[in-house]
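The block underneath contains the structure these notes are about, expressed in structure tokens.
Residue numbers (this note's numbering), protein chains in the order written: chain L, 868 to 1468; chain H, 23 to 116.
Here it is in structure tokens:
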């Protein structure tokens, strides 16, 4: 056993986050970078099959459970965190650094969780901590977006929890492995995970919330929630064919909405859904090559997506703007940000010599090997579409297009260093993917691992990719007038809970409150007083009717007769009867009772 | 002190636009020509459908790139007619 060989890396970040709260700004920022680096080191020290469990309520909770998949996710989660914290050196707020570290720590907790209870607790902690990264923007919009975000995730969490409880109930095991098909618990767990994976139609929370976060928040958020969902899919649902369809829909949906979008960070948010679509599809294919491809793609995706969010973040940081209709021509004063962001855009497009090329190819090849012709075609179409919206549209409308007279300064040095680190990884992994392939599960399923095998022996593949990208670019510029940005937003599935909630409220207001009003008007204000009057006056009227012949016999004068009647009514109203009346009534009642009793005996 | 007029940036010149289009067409042309010199790996060799064999045809990826992207743009444009709303669309909602 070596140093840190059985300490959950997530725990280091979460405990460290609490300590950092007490430190001054510079130490805190340096500490965050240090903790992320320590997390990376701790991940590297973990041996496969390493476990750490504690006993809780009769269950053995496995806080640490290591295999090659979890280790690969652990590496990239911590590596991305190092770059993100370097990039966010400008961020002085205590809460944001802490929230980010707890968020990343709990994401690592999910990845290294050996049982469903640990997994669920970390999953919910992730949702809570990430909400603070959206709230930290401190605008009215971000507050509302954060509210919607946490509500969606709590709902998803409850669905997941009900699935987990059903699963534990039926199997009497909290182990987190491939789940049985056709059981209601498995399906609920799948829905809970797919909500976090931003699968259609549970997708709109992502482009709703992420673009409202802070500059640092966007970079951090882009990496973890959806990728922990992909990880849990790999672990629980490999080979579930429905995921092939879900992934294909996500890949196309992401492209179409990214094309409609005006906000640069929302374009990138939709592009996350498109990319996670590739991964979900790969999990659905479920072969060794597909799973290796999914892990490789998640690894590379986190790098170039964080890089893209960083370049957009740097633009937002310097200009305070994020809409394409307000941006343009920034290459003039932010050339380095433009260059670094464009390399990220090329990597996400899968341009040869970048990381996207060596990872996406694996999933597409797996679809082909399994004869999923339609899925293969959709993935190829989606690959072309990625270049369209993220590869060209994003850099073109932000850094080129129309010069709007913006002359911001170049991004601060720490931002450039953070981006530079990721750019290096994008190109390094694109040219030499062997170190990445080495840490993958089922690495033996990958045939071409060296530069010459990928780019020389399979030069035809490079050519076809080059063709597809060149003609995608041609389509972009031919149809450029049609892509002119408008200051608009697009209706997405969040319409159902944003407008829908209002409509629901109105419908409830009309129906239930209408029912209330009707009940008030007809029952409370009309029927009940009438009933009360009847209850009061009916016995009086009946008594008067019965007494009338007696009174007439005593005194036939009509005026006095009327007076006696009024007196009787008044006595009924006030409940004050002469004792003789009461005694007579009691006597009559008792006589009646005795008679009835005798008759029935 | 008089302000010196801002020096125009090179890519704003109209000639650059012409050169850009030329470069784009040349790149596309070169990519098509390259296919003559490589031996492409065959897809879906076990499948007998016409589509599967079409994926191995010359220029399949050329068509795929252009048609898929044009299709995506047209689809987005079409959907935009009823999906795009003004930015204040949700302002009256929680």
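No residue lacks a Cβ here, since even glycine has one placed at the ideal position from N, Cα and C.
Just the C-alpha distance for residue i and residue j, rounded to the nearest angstrom, thanks.
i	j	result
residue 1009(L)	residue 1330(L)	45 Å
residue 1096(L)	residue 974(L)	10 Å
residue 1060(L)	residue 1385(L)	45 Å
residue 1151(L)	residue 1238(L)	13 Å
residue 1440(L)	residue 1466(L)	35 Å
residue 1461(L)	residue 1388(L)	45 Å
residue 1165(L)	residue 1326(L)	25 Å
residue 1472(L)	residue 1076(L)	This structure cannot speak to residue 1472(L), because chain L is shown only from 868 to 1468.
residue 916(L)	residue 934(L)	6 Å
residue 947(L)	residue 1107(L)	29 Å
residue 1320(L)	residue 1314(L)	9 Å
residue 890(L)	residue 953(L)	17 Å
residue 1040(L)	residue 1304(L)	33 Å
residue 1090(L)	residue 1154(L)	25 Å
residue 62(H)	residue 1346(L)	30 Å
residue 1395(L)	residue 1363(L)	42 Å
residue 938(L)	residue 1376(L)	53 Å
residue 985(L)	residue 1028(L)	12 Å
residue 1174(L)	residue 1289(L)	6 Å
residue 1352(L)	residue 900(L)	38 Å
residue 976(L)	residue 38(H)	52 Å
residue 1203(L)	residue 58(H)	38 Å
residue 72(H)	residue 1157(L)	26 Å
Using a Cβ-Cβ distance cut-off of 9 Å, determine whether residue i contacts chain H.
i	result
residue 1124(L)	yes
residue 1127(L)	yes
residue 868(L)	With a pLDDT of 48 at residue 868(L), under the threshold of 50, the modelled position of this residue cannot be trusted; read the value that follows with caution. Answer no: the Cβ-Cβ gap between residue 868(L) and chain H never drops below 9 Å.
residue 906(L)	no
residue 1279(L)	no
residue 1243(L)	yes
residue 898(L)	no
residue 1349(L)	yes
residue 1354(L)	yes
residue 1314(L)	no
residue 1365(L)	yes
residue 1252(L)	yes
residue 1036(L)	no
residue 1330(L)	yes
With 9 Å as the threshold, decide whether the Cβ of residue i is near any Cβ in chain L.
i	result
residue 40(H)	no
residue 72(H)	no
residue 44(H)	no
residue 68(H)	yes
residue 79(H)	no
residue 49(H)	yes
residue 92(H)	yes
residue 37(H)	no
residue 24(H)	For residue 24(H), the pLDDT reaches just 42, beneath the cut-off of 50, and the residue's location in the model is therefore unreliable, although a value from the coordinates is still provided. Cβ-Cβ to chain L under 9 Å: no for residue 24(H).
Hey, residue i and residue j: beta-carbon distance below 9 Å or not?
i	j	result
residue 1181(L)	residue 1148(L)	no
residue 1079(L)	residue 1013(L)	yes
residue 978(L)	residue 941(L)	yes
residue 1114(L)	residue 1137(L)	no
residue 1196(L)	residue 1269(L)	yes
residue 1144(L)	residue 1178(L)	no
residue 1311(L)	residue 1124(L)	no
residue 1210(L)	residue 1221(L)	yes
residue 1184(L)	residue 1282(L)	yes
residue 1261(L)	residue 1134(L)	yes
residue 1217(L)	residue 1332(L)	yes
residue 1011(L)	residue 114(H)	no
Rounded to the nearest angstrom, how far is the Cβ of residue i from that of residue j, given a contact under 8 Å?
i	j	result
residue 1251(L)	residue 1339(L)	5 Å
residue 904(L)	residue 949(L)	5 Å
residue 95(H)	residue 1342(L)	7 Å
residue 1334(L)	residue 87(H)	6 Å
residue 1495(L)	residue 1232(L)	Here chain L covers residues 868 to 1468 and nothing more, so residue 1495(L) does not appear.
residue 997(L)	residue 1092(L)	6 Å
residue 936(L)	residue 1098(L)	7 Å
Name, in chain order, the residues that DSSP records as bridge partners for residue i.
i	result
residue 1357(L)	106(H)
residue 927(L)	922(L)
residue 1190(L)	1130(L)
residue 1241(L)	Answer by DSSP bridge pairing: none, since residue 1241(L) is not bridged.
residue 815(L)	Beyond the ends of chain L as shown, which are 868 and 1468, falls residue 815(L); an answer cannot be given.
residue 47(H)	Answer by DSSP bridge pairing: none, since residue 47(H) is not bridged.
Using a beta-carbon distance below 9 Å, is residue i in contact with chain B?
i	result
residue 53(H)	As a matter of chain content, chain B is missing from the structure shown, whose protein chains are L and H.
Check whether the Cβ of residue i lies closer than 8 Å to any heavy atom of the ligand HEM, and answer yes or no.
i	result
residue 85(H)	The model depicted lacks the ligand HEM and carries no ligand whatsoever.
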